[in-house]
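Residue numbers (this note's numbering): 1183 to 1541.
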Amino acid sequence: PIHFDWRKEIQEGTLLGPRMAIAGNILDGPRPIWPGSMAISNEAEARQAVMSTKQDGYDFVKVYSLLPREAYFAIADEAKKQRIPFAGHVPQSVSVAEASDAGQKSVEHLNGILAACSSREEELRQRLNAYSNPLPGQRPPDSSILRLATRLMLETFSKQKANALFARLKQNQTWQCPTLTVLRSGAFINDPSFRNDPRLKYMPAQLRTTWDPANDSRFRNRTAEDFALSRSIYKKQLEVVGLMHRAGVEFIAGTDVLNPFCFPGFSLHDELAILVEAGLSPMEALQAATLNPARFLGKEKDIGTVAHGKIADLVLLDANPLDDIRNTTKINSVVVNGRLLDRTALDQLLTEVQARAQK
């Protein structure tokens, strides 16, 4: 709920910040992955969660990985009735094609995409669901199960299935927000260059501690084999983004900020560079962070492009990003809702952030 306070202050000009489209609480299965999520077990709870999300004024419903199948389709149906979009993860109980047909507006992190491109998709989804969502009383599954499923996902990739899926995503206008930044950091987090990133000076000490893979349960027990496998998956994910793009699937740029080495602000520039690496042109990568989000949110009349009569949210660069997408980091000044922040003002903001981070 604090996001509503922030949004009001930003709109009133008393707080410097971005335009915000705010998700309701994560809707997850009976034993949610993250604290603070709404635990959904059945259709009735699913419908009530959608209605309360709408009534509380949130902009969209966020669905997550462990939702039961019946509950997910109830969310989809109720969201349509309430005229509120739903987006997020594709639950392991549902295929990506089914989620697209049900009206999920966007898929984050390429969630479920590789499994959906497998010639043994159903078997893979069952294996992954059993790994992530053991029955009550069962011991947590051995990580070797996940390794086997991951190898199977790579070995059974089918271009024919992929092409059919991507055509469906395009037809249904199911957007993709691949967050390649977080996928890359997960695959390469044991690389010392991450821990030597100069941008860490802007992050609070507590956050830097949680970003250390030795302190993260998702990474600290990984073997060299696990990292090699995760890097093979990441390479395949880059390939799949290129295939989806060429098939006409639409993208918005995101990073999954505050996951390890996903920096507020900075990592969006990283994401644009990786999108170009995956096969988008520099212009298409720029549009994934400007025009496309405006279209996605239905606000292209006001924002998203530089045009007379639109809101002045602008960045002025010292070099052309169409020549090299990394030139988006060469920022001369920023205009936020008509307010000019020149390089001196931007540097002062960074100095203040660094000072606060050191406390």
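A virtual CB, placed ideally from N, CA and C, is assigned to each residue, including glycine.
Taking all protein chains in view, the Cβ of Ser1412 is crowded by 16 or more other Cβ atoms within 10 Å, so the residue is classified as buried.
Using a Cβ-Cβ distance cut-off of 8 Å, the segment 1210-1228 and the segment 1277-1289 are not in contact, since fewer than three pairs of beta carbons, one from each stretch, lie closer than that value. Note on geometry: alpha-carbon atoms of Ile1257 and Val1289 lie some 15 Å from one another. Val1458 sits away from Ala1471, with the two beta carbons spaced by 7 Å or more. Excluding its 5 nearest sequence neighbours in each direction, Asp1524 has C-beta neighbours in its own chain below 7 Å: Ser1515, listed in chain order. Bridge partners of Arg1521 according to DSSP: Val1518.
If you draw a straight line from the Cα of Leu1365 to the Cα of Asn1378, it is about 19 Å long.
Spanning the alpha carbons of Asn1474 and Ser1340 requires a straight line of approximately 29 Å. In the DSSP assignment, Gln1358 forms a beta bridge with Val1289 and Phe1433. Cβ atoms of Ala1284 and Phe1255 come within 8 Å of each other, at about 6 Å. Runs of the beta strand (DSSP E) lying entirely within the segment 1487-1517, each at least 3 residues long, are 1496-1499 in chain order. Taking the Cβ atoms as the reference, Phe1348 lies roughly 11 Å from Val1423, outside the contact range of under 8 Å.
Each residue's CA atom was taken as its position, placing Phe1409 and Lys1418 some 14 Å apart. The three-state secondary structure of Asp1484, taken from DSSP, is coil. About 14 Å separates the beta carbon of Ser1414 from that of Leu1330, a gap too long to meet the 8 Å contact definition. In the three-state reduction of the DSSP assignment, Met1385 falls in the coil class. Lys1244 carries a strand assignment under DSSP once its states are collapsed to helix, strand and coil. A residue is called buried once 16 or more other Cβ atoms fall within 10 Å of its Cβ, and Thr1235 is buried on that count. Judged by DSSP secondary structure, Asn1311 falls within the alpha helix (DSSP H) whose first and last residues are Glu1303 to Ser1314. Note: Met1220 is bridge-paired with Leu1209 in the DSSP secondary-structure output.
Ser1300 and Leu1462 have their C-alpha atoms spaced approximately 24 Å apart. In the structure shown, Phe1268 adopts extended strand secondary structure according to DSSP, grouped into three states.
The residue among Asn1372, Pro1503 and Gln1353 with its C-alpha nearest the C-alpha of His1451 is Pro1503.
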